[in-house]
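Data first, discussion second: the structure below is written as structure tokens.
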Amino acid sequence: MKHIKVADLMTDEVVSVAPDTASKEVAKLLARHDISGVPVLDDEDRVVGVVSQTDLPARTAPLPRPGPQNGTPPAPAAGDIMSAPAVTVHPEETAADAARLMTRRGIERLPVVDVEDRLVGIVTRRDLLRMFLRPDAEIHRRVQDVLTDVTGIPAGDVEVHVVDGIVTLEGVVPRETQLRALHDLVERLDGVVAVASRVTARTDDAAPPDAGRTPHTVPW
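Under this note's numbering, the residues of the sequence shown are numbered 12 to 231, in order.
Structure representation (structure tokens):
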């Protein structure tokens, strides 16, 4: 199965700022382009941080740093208020992994970087929702296919619930190896953001054959 990559969804025209860009200018850029955040780049286009809307209101008061002798300390710049290190992804990573990362970190935008951390694009939650995430009903059907056709778990042993791409599994399966395979396969399905598993196994067939046995002393 061909998985959708971050490169297939990202936008390569990215609004960015430098560390010394004034916070007021950052706020104007966010409003002008109707975006929730901007990456902060150094002189070599490497991503050193991100400034989001939530950074601005609480951190735009003048900082106690040296300024003009006859004036107020200068207002903070992007480098002062940015979140660092930035959470980023690479173009070859899957859209599923990007969606999970956004969900886990509670963010809306991911700068896309090359192997040297230079900015090459950006992917947003909106991109993933519009072009990647599948309807919950379709995800539910595909999870059921994995249960019966791939892992061989009897129908009805595991209940499947899907809400906004988050799959919840509940039930009991015969063997531990089936449980592990089920979780891994469902997590890799396109459209699945996260898997919450409440499934247990009746038999732990993944343990080594001698696990739990008491060693016997061999008389010489």
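Glycine included, each C-beta is placed from N, C-alpha and C at the ideal position.
Just so you know, these numbers come straight off a predicted model, no measurement behind them.
Point to revise | Own chain, CB closer than 7 Å to S208, minus 5 neighbours either side, in chain order | key: Locating residue 208 in the sequence shown gives position 197, where the first residue counts as 1. The beta carbon of S208 is closer than 7 Å to those of L180 and H194 in its chain, skipping five residues each way along the sequence.
E149: which of L158, I15, L139 and V173 sits nearest, CA to CA?
In the sequence shown, counting from the first residue as 1, residue 149 sits at position 138. Of L158, I15, L139 and V173, the residue nearest in Cα terms is V173.
- prompt: Counting contacts by CB-CB distance shorter than 8 Å, is A166 in contact with chain D?
  reply: Given the protein chain composition of this structure (a single chain), no chain D is represented.
Practice task
Taking only the alpha-carbon atoms, compute the straight-line gap between R129 and L40 and give it to the nearest angstrom.
Solution key: Within the sequence shown, numbered from 1, the residue matching residue 129 stands at position 118. Within the sequence shown, numbered from 1, the residue matching residue 40 stands at position 29. Cα-Cα distance, rounded: 21 Å.
Subject >> From E170, T188 and A192, residue whose alpha carbon lies closest to that of G182 >> reply: Here the question's residue 182 lines up with position 171 in the sequence shown. Nearest option by C-alpha distance: E170.
(Q) Could you compute how far the alpha carbon of V127 sits from the alpha carbon of P102? (A) The sequence position of residue 127 within the sequence shown is 116, counting from 1. The sequence position of residue 102 within the sequence shown is 91, counting from 1. Note that residue 127 is Glu in the sequence shown here, rather than Val. When rounded, the distance between both Cα atoms is 13 Å.
Are the CB atoms of V61 and S34 within a distance shorter than 8 Å? Looking up residue 34 in the sequence shown gives position 23. Looking up residue 61 in the sequence shown gives position 50. In this structure, V61 does not lie closer than 8 Å to S34 by Cβ.
Problem - DSSP-derived helix/strand/coil call for R70 - result: Walking along the sequence shown from the start, residue 70 turns up at place 59. In this prediction, R70 has a pLDDT of 47, which is less than 50 and means its spatial position is unreliable; what the coordinates show is noted afterwards. In this structure, R70 counts as helix in the three-state DSSP scheme.
Q) Where R137 and I15 are concerned, what is the direct C-alpha to C-alpha distance, given to the nearest angstrom? A) As a working note, residue 137 is residue 126 in the sequence shown. As a working note, residue 15 is residue 4 in the sequence shown. Cα to Cα, R137 sits roughly 15 Å from I15.
For the beta strand (DSSP E) that V178 lies in, which residues bound it at each end? Here residue 178 is taken as the residue at index 167 of the sequence shown, counted from 1. For V178, the enclosing beta strand (DSSP E) has its first and last residue at I177 to R186.
Boundaries of the alpha helix (DSSP H) in which I92 is found, first to last residue:
Counting from one through the sequence shown, the residue named residue 92 turns up at place 81. Looking at the DSSP string, the run of the alpha helix (DSSP H) that includes I92 is A89 to I92.
Please name the residue in D54, V58, V25 and T32 whose C-alpha comes closest to that of H44. If you number the sequence shown from 1, residue 44 lands on position 33. Checking every option, the nearest Cα to that of H44 belongs to V25.
- Considering only residues of the same chain and omitting the five flanking positions on each side of T211, which have a CB-CB separation below 7 Å? Counting from 1 along the sequence shown, the entry for residue 211 is found at position 200. Answer for T211: V183, listed in chain order.
Collapsed DSSP secondary structure at L129 in the structure displayed: Taking the sequence shown and counting its residues from 1, the one referred to as residue 129 is at position 118. The sequence shown places Arg at residue 129, not Leu. R129 carries a strand assignment under DSSP once its states are collapsed to helix, strand and coil.
**Study point:** Exposure of G132, with buried meaning 16 or more beta-carbon neighbours within 10 Å
**Key:** Residue numbering aside, residue 132 sits at position 121 when the sequence shown is read from its first letter. The residue is buried, with at least 16 neighbouring Cβ atoms inside 10 Å.
Beta-ladder partner(s) of V157, from DSSP: In the sequence shown, residue 157 corresponds to position 146, counting from 1. DSSP lists no partner for V157.
### Message
Taking 7 Å as the limit between beta carbons, can you name the residues of its chain near T22, skipping five residues before and five after?
### Response
The residue you call residue 22 lines up with position 11 of the sequence shown. Counting only residues of its own chain and dropping the five nearest sequence neighbours on each side, T22 has a CB closer than 7 Å to the CB of G132 and I133.
Identify the continuous beta strand (DSSP E) that holds H172 and give its terminal residues. By 1-based counting over the sequence shown, the position of residue 172 is 161. In the DSSP assignment, H172 falls within the unbroken beta strand (DSSP E) covering V169 to V174.
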